[in-house]
Amino acid sequence: MLSNEQHLSGVELWTLFQHVFNCLPMAGLVGTKIFCAHGGISEDLISFKQFDRVYRPTDVCDIGLLCDLIWSDPSTVCSMFDPSPRGVSSVFGKQAVINFCSKMNVDLVCRAHQCVMD
400 MLSNEQHLSG
410 VELWTLFQHV
420 FNCLPMAGLV
430 GTKIFCAHGG
440 ISEDLISFKQ
450 FDRVYRPTDV
460 CDIGLLCDLI
470 WSDPSTVCSM
480 FDPSPRGVSS
490 VFGKQAVINF
500 CSKMNVDLVC
510 RAHQCVMD
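Just add 399 to wherever you are in the sequence shown, counting from 1, and you've got my numbering.
Structure follows, in structure tokens:
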């Protein structure tokens with residue numbers, strides 16, 4: 400831990416935050432029916448038991464389950480999954496969410512990574 404007298408440079412502070420982020424959960428359940436993730440759902444997620452195999456700290460790769468949980472986005476254009484126009488992860492459509500909720504036995508997908516326009 401840092402004492403009040405310690406001062407970090409911008410790079411040192413950024414590195415410390417990256418380590419903290421690599422220790423945080425990638426997703427979670429509220430009760431048993433609300434799935435929460437920063438980005439969204441992944442077609443690679445087939446069981447919540449997969450989270451038990453993620454060791455901390457971990458780096459998020461450019462592809463795969465953890466990447467999708469952080470960076471995937473909803474789409475009104477596709478129905479299932481398509482590559483993201485942002486070049487990382489994927490976009491997911493309405494049918495993908497319906498299938499995910501049914502397969503994972505949840506009622507709601509809650510995500511944080513969304514800009515709300517005024």
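Each residue gets a CB set at the ideal place from its N, CA and C atoms; glycine is no exception.
Quick check on this structure: which residue in the options has the alpha carbon closest to the alpha carbon of residue i?
{"i": "Cys-460", "options": "Asp-472, Met-425 and Asp-451", "result": "Met-425"}
{"i": "Gly-427", "options": "Gln-449, Gly-409, His-418 and Thr-414", "result": "Gln-449"}
{"i": "Trp-470", "options": "Pro-482, Cys-477 and Ser-478", "result": "Pro-482"}
{"i": "Gln-513", "options": "Val-490, Gln-417 and Gly-430", "result": "Val-490"}
{"i": "Asp-443", "options": "Thr-457, Met-503, Asp-517 and Ala-511", "result": "Met-503"}
{"i": "Gly-438", "options": "Asp-467, Cys-500 and Ser-408", "result": "Asp-467"}
{"i": "Cys-422", "options": "Tyr-454, Asp-517, Gln-405 and Val-429", "result": "Tyr-454"}
{"i": "Ala-511", "options": "Asp-517, Gly-492 and Pro-473", "result": "Pro-473"}
Distance, Cα to Cα, residue i vs residue j?
{"i": "Val-515", "j": "Thr-475", "result": "16 Å"}
{"i": "Val-496", "j": "Leu-412", "result": "37 Å"}
{"i": "Ile-462", "j": "Arg-485", "result": "13 Å"}
{"i": "Val-505", "j": "Leu-415", "result": "35 Å"}
{"i": "Val-410", "j": "Ser-488", "result": "27 Å"}
{"i": "Ser-446", "j": "Arg-452", "result": "11 Å"}
{"i": "Ala-436", "j": "Asp-458", "result": "16 Å"}
{"i": "Cys-509", "j": "Phe-420", "result": "19 Å"}
{"i": "Leu-407", "j": "Ser-501", "result": "47 Å"}
Which residues in the same chain have their Cβ closer than 7 Å to the Cβ of residue i, if we skip the five residues on either side of it in sequence?
{"i": "Gln-494", "result": "Ser-478 and Met-479"}
{"i": "Val-429", "result": "Cys-435"}
When DSSP builds the beta bridges, which residues end up paired with residue i?
{"i": "Arg-510", "result": "Ala-436"}
{"i": "Gly-427", "result": "Cys-435"}
{"i": "Asp-472", "result": "Val-490"}
{"i": "Phe-480", "result": "Phe-491"}
Could you confirm whether any beta carbon from chain C is found closer than 8 Å to the beta carbon of residue i?
{"i": "Leu-464", "result": "In the structure shown, chain C cannot be found, because there is only a single protein chain."}
Cutting at 6 Å between CB atoms, please list the residues of its own chain near residue i, excluding the five before and the five after it.
{"i": "Phe-499", "result": "Ile-440"}
{"i": "Lys-432", "result": "Val-505 and Asp-506"}
With a threshold of 8 Å on Cβ separation, who are the neighbours of residue i within its own chain once the five nearest residues in sequence on each side are excluded?
{"i": "His-418", "result": "Pro-456"}
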